[in-house]
Every structure is written in C-alpha cells, then in structure tokens.
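**Student:**
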Amino acid sequence: MVGGISAWYMLHNRHTLLFRKSLGMALVGLLLAAPLQIVVGDIAGLQLFHTQPAKAAAIEAHWDTNPDTEGAEWNIIAWPDKASQNNTWALSIPHGLSLIVNHSLVGKVVGLKDFVPADQPPAIPLIFYTFRVMIGLGFAMTGLALVSAIVWWRRRKIADDSILPVWLLKCWVVAIPMGYIATECGWVVREVGRQPWAVYGLLRTEHAVSHLPATAVATSLVLFVAIYTLLLGLFLLFARRIFMNGPDINQQLPMYAPISNTNTLLENKD
Numbered sequence: 353m354v355g356g357i358s359a360w361y362m363l364h365n366r367h368t369l370l371f372r373k374s375l376g377m378a379l380v381g382l383l384l385a386a387p388l389q390i391v392v393g394d395i396a397g398l399q400l401f402h403t404q405p406a407k408a409a410a411i412e413a414h415w416d417t418n419p420d421t422e423g424a425e426w427n428i429i430a431w432p433d434k435a436s437q438n439n440t441w442a443l444s445i446p447h448g449l450s451l452i453v454n455h456s457l458v459g460k461v462v463g464l465k466d467f468v469p470a471d472q473p474p475a476i477p478l479i480f481y482t483f484r485v486m487i488g489l490g491f492a493m494t495g496l497a498l499v500s501a502i503v504w505w506r507r508r509k510i511a512d513d514s515i516l517p518v519w520l521l522k523c524w525v526v527a528i529p530m531g532y533i534a535t536e537c538g539w540v541v542r543e544v545g546r547q548p549w550a551v552y553g554l555l556r557t558e559h560a561v562s563h564l565p566a567t568a569v570a571t572s573l574v575l576f577v578a579i580y581t582l583l584l585g586l587f588l589l590f591a592r593r594i595f596m597n598g599p600d601i602n603q604q605l606p607m608y609a610p611i612s613n614t615n616t617l618l619e620n621k622d
C-alpha cells in the first residue's frame, strides 16, 4: 500500500523526493519481510500436514496416499472432483509434494481418500485455487521488490528523482490491492478448508451452531453488512479526498509552551 501510493505520486510528479523516500522504506520493509514470510509459511505448512491432513490434502488436491519409498507429485494446477474422488485433469511435478512436505524426493503424504467424503472439506476447487492465488500474489510482490531493488541500485547515481522507470512504478500501483486479496484468499483457505469441523477432529460445525432463530441471525447479519458498508463508503470518500490533495509539506508543526516548573499545589501558603 505505502509503496503503491508513493509510486502513484511519483508517476504524477507530485512531491517526488518525499515519496521516493517512502517508496524506499516500503521496499526495504518488503525485502526484509518476504524471506521471513516464506520461512514462516513453510513451517506452518508442515504443521498443517500433521495437524489437519484432510485440509492440507485438499489444498494440494492430493487424493491417494503414497508409500514412504515413493514421491508424491505436486499439482501446479488441477481440477479436483470430489464426486469421483480424483482430479479431472492436472499439471503436476513428480515428487514435488514430497519435497515440500518432507524436504525429500520420497516420503509419505496422506491423501484425501484416507478420509470418508463426509470428513473431507467441501468446495475443494475453491480451496485449491484460492491457496494458489495467495501464494502467487506473495511471490509476485516479492519479485517486484527484488526487481525494484536491483533497478534502484543500478540507477542510484542517475539524476532522475523518480529513481525507478515508469513501467516499474506502474507495477507498484497495480500491486496496491495484492496484499488485501492475498489475505482474503488465505481467510477462505482457512475457514473453508477446516470444514466440516469447528474444532478439528472433535466438534463438527453442524453441532457447534447456536440455537438462535434464523430471523435473529439474518437481522444481525443485515445490520453488520449495512454498518460495515457505510464505514467502507466513508473510508473511501475521505481516503480519496486525502489522497488527491496530497501531503501539505509546508504545514508547520504545532508549538507548545514548555511546562512550568512551578507547582502551585506545593507552594507554601502563609
């Protein structure tokens, strides 16, 4: 967000030097966070295969459990069909999933067929593709940061205030919603993927629902949607106004008088 907004101002030649600094800060932050995110994601993914194997198998559209002495293929793209308990088609990398899960070309990976259909997550294609959108956007933002860092370093002595070429600044603007989209996709994977369980392996969602009447639930849902839609509209309205006006770099900081050392409450009264 910070980098994209900074790039927009630089494209329009507004406060270029100021937003060059903010873009640089966003770039450094992304370069530091991206490797950590990859490491954390790998650790979380390994835990998922141990704690929620059905969800993990659905994410990868992996149906058949492979022996320990063989490697499980990783589906780059596929179309999972829960009815037939198979993929209609798939583009796969041999041994890829075993390498991801076990960090070895061979190794057992539990498949969806080890679970009865009632215990498998619903909407497996939705889980499969939202996960890939999330990962793809993450790598896209990381790639954008790496390319920007290389170009920035090579052009650091150029007199151009924008430091980055126009095409790269436009990429930063396009990337503004990527983080939000990736977050929402991750939320879909998390919530849809854990079904049919509210507490995995212990409490099914159908047994965890409250006994509120449908009208009460519908009323609260409508109110929540209305309130948050209003808040979103107000945010967009004021954010656009602030965004179009830009920062006031001539604004003076408020001046405050120093605090007096005299404390009248402690004065001796004759």
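Residues 353 to 622 in the numbering used here are what the sequence shown spells out, letter by letter. Cβ atoms here follow ideal geometry from the backbone N, Cα and C, with glycine treated the same way.
Let's test the definition: count the other Cβ atoms within 10 Å of the Cβ of Ala527 and tell me whether it reaches 16, buried, or not, exposed.
**Tutor:** For the purposes of this step, residue 527 is identified with residue 175 of the sequence shown, where counting begins at 1. Classification for Ala527: buried.
**Student:** So for Thr440, helix, strand or coil by DSSP?
**Tutor:** Taking the sequence shown and counting its residues from 1, one reaches residue 440 at position 88. Strand.
**Student:** How far does the beta strand (DSSP E) with Ala406 in it extend, from its first residue to its last?
**Tutor:** Position 54 of the sequence shown, counted from the start, is the residue given in the question as residue 406. Element bounds for Ala406: not the beta strand (DSSP E) but the alpha helix (DSSP H), Pro405 to Glu412.
**Student:** Using a Cβ-Cβ cut-off of 8 Å (strictly less than) and excluding sequence neighbours within five positions of Ala410, which residues of its own chain qualify?
**Tutor:** Here residue 410 refers to the residue found at position 58 when the sequence shown is read from its first residue. Taken in chain order, the residues that qualify are Pro432, Leu464, Gln472, Pro473, Ile476, Ile479, Phe480 and Gly545.
**Student:** Classify Leu516 as helix, strand or coil using the three-state DSSP reduction.
**Tutor:** The sequence position of residue 516 within the sequence shown is 164, counting from 1. Correct three-state label for Leu516: coil.
**Student:** Does Trp549 come out as helix, strand or coil in the three-state DSSP assignment?
**Tutor:** Reading the sequence shown from its first residue, position 197 is the one you call residue 549. In the structure shown, Trp549 sits in a strand (DSSP, three-state: E or B).
**Student:** Beta-carbon within less than 6 Å of Asp622's beta-carbon, same chain only, minus the 5 sequence neighbours each way: which residues are those?
**Tutor:** By 1-based counting over the sequence shown, the position of residue 622 is 270. Note that Asp622 scores 48 on pLDDT, short of 50, meaning its location in the model is unreliable; the coordinates nonetheless yield the value given after this. Correct list: empty, nothing qualifies.
**Student:** Since Ile476 sits in a beta bridge, which residues does DSSP pair it with?
**Tutor:** Numbered from its first residue, the sequence shown carries residue 476 at position 124. Ile476 pairs with nothing; no bridge assigned.
**Student:** When we look at the beta-carbon of Met377 and count the other beta-carbons within 10 Å, is it buried (16 or more) or exposed?
**Tutor:** One-based indexing of the sequence shown puts residue 377 at position 25. Classification for Met377: exposed.
**Student:** Using a threshold of 8 Å, state whether the C-beta atoms of Leu489 and Met530 are closer than that.
**Tutor:** Position 137 of the sequence shown holds residue 489. Position 178 of the sequence shown holds residue 530. Yes, these two residues count as a Cβ contact at 8 Å.
**Student:** Would Pro517 be called buried (16 or more neighbouring beta carbons within 10 Å of its own) or exposed?
**Tutor:** The residue you call residue 517 lines up with position 165 of the sequence shown. With fewer than 16 other Cβ atoms within 10 Å, it is exposed.
**Student:** Please classify Asn597 as buried or exposed, where buried requires at least 16 other C-beta atoms within 10 Å of its C-beta.
**Tutor:** Numbered from 1 along the sequence shown, position 245 holds the residue referred to as residue 597. Under this definition Asn597 is an exposed residue.
**Student:** Measure the beta-carbon distance from Val458 to Asp416 and round it to whole angstroms, keeping in mind my assumption that it falls under 8 Å.
**Tutor:** As a first step, residue 458 is located in the sequence shown; it is residue number 106 there, counting from the start. As a first step, residue 416 is located in the sequence shown; it is residue number 64 there, counting from the start. Rounded, the Cβ-Cβ distance is 15 Å, inconsistent with contact.
**Student:** Going by Cα to Cα distance, which pick from Leu496, Ser450, Trp504 and Pro548 is closest to Lys373?
**Tutor:** The residue given as residue 373 occupies position 21 in the sequence shown. The shortest Cα separation from Lys373 among Leu496, Ser450, Trp504 and Pro548 belongs to Trp504.
**Student:** Among the residues of its own chain, which have a CB less than 6 Å from the CB of Leu382, if the five just before and after it don't count?
**Tutor:** In the sequence shown, residue 382 corresponds to position 30, counting from 1. Cβ within range, chain order: Ala497.
**Student:** Please go through the same chain and pick out, in chain order, the residues whose beta-carbon is closer than 7 Å to the beta-carbon of Lys460, but skip the five residues on each side of it.
**Tutor:** Locating residue 460 in the sequence shown gives position 108, where the first residue counts as 1. So the qualifying residues of the chain are Thr417, Asn418, Pro419 and Asp420.
**Student:** Please report the straight-line C-alpha distance between Ala570 and Ser562, rounded to a whole angstrom.
**Tutor:** Indexing the sequence shown from 1 puts residue 570 at position 218. Indexing the sequence shown from 1 puts residue 562 at position 210. Roughly 13 Å separates the two Cα atoms.
**Student:** Are the Cβ atoms of Ala386 and Val525 separated by less than 8 Å?
**Tutor:** For this step, residue 386 is matched to residue 34 along the sequence shown. For this step, residue 525 is matched to residue 173 along the sequence shown. Not a contact, by the Cβ cut-off of 8 Å.
**Student:** What does the alpha-carbon distance come out to for the pair Leu617 and Gln604?
**Tutor:** As a first step, residue 617 must be located in the sequence shown, where it is residue number 265. As a first step, residue 604 must be located in the sequence shown, where it is residue number 252. Model confidence at Leu617 stands at a pLDDT of 48, short of 50, so the residue's coordinates are unreliable and nothing is read from them.
**Student:** Count the other C-beta atoms from every protein chain shown that fall within 10 angstroms of the C-beta of Phe590, then say buried if there are 16 or more, exposed otherwise.
**Tutor:** Here residue 590 is taken as the residue at index 238 of the sequence shown, counted from 1. Phe590 should be labelled exposed.
**Student:** Which value, in whole angstroms, describes the spacing of the CA atoms of Thr535 and Leu564?
**Tutor:** Looking up residue 535 in the sequence shown gives position 183. Looking up residue 564 in the sequence shown gives position 212. Looking at the two C-alpha atoms, the distance is approximately 30 Å.
**Student:** Going by DSSP, what residues sit across from Ala396 in a beta bridge?
**Tutor:** Your numbering for residue 396 matches position 44 in the sequence shown. Beta-bridge pairing links Ala396 to no other residue.
**Student:** Taking 8 Å as the cut-off, decide whether the C-beta atoms of Val462 and Pro405 are in contact.
**Tutor:** The residue you call residue 462 lines up with position 110 of the sequence shown. The residue you call residue 405 lines up with position 53 of the sequence shown. Going by C-beta atoms, Val462 is nearer than 8 Å to Pro405.
**Student:** Does the beta-carbon distance from Val577 to Cys537 come in below 8 Å?
**Tutor:** As a first step, residue 577 is located in the sequence shown; it is residue number 225 there, counting from the start. As a first step, residue 537 is located in the sequence shown; it is residue number 185 there, counting from the start. Their beta carbons are not under 8 Å apart, which means Val577 does not touch Cys537 by this criterion.
**Student:** Assign Thr557 to one of two classes, buried (16 or more other C-beta atoms within 10 Å of its C-beta) or exposed (fewer than that).
**Tutor:** Numbered from 1 along the sequence shown, position 205 holds the residue referred to as residue 557. By the neighbour-count rule (16 or more Cβ atoms within 10 Å), Thr557 is not buried but exposed.
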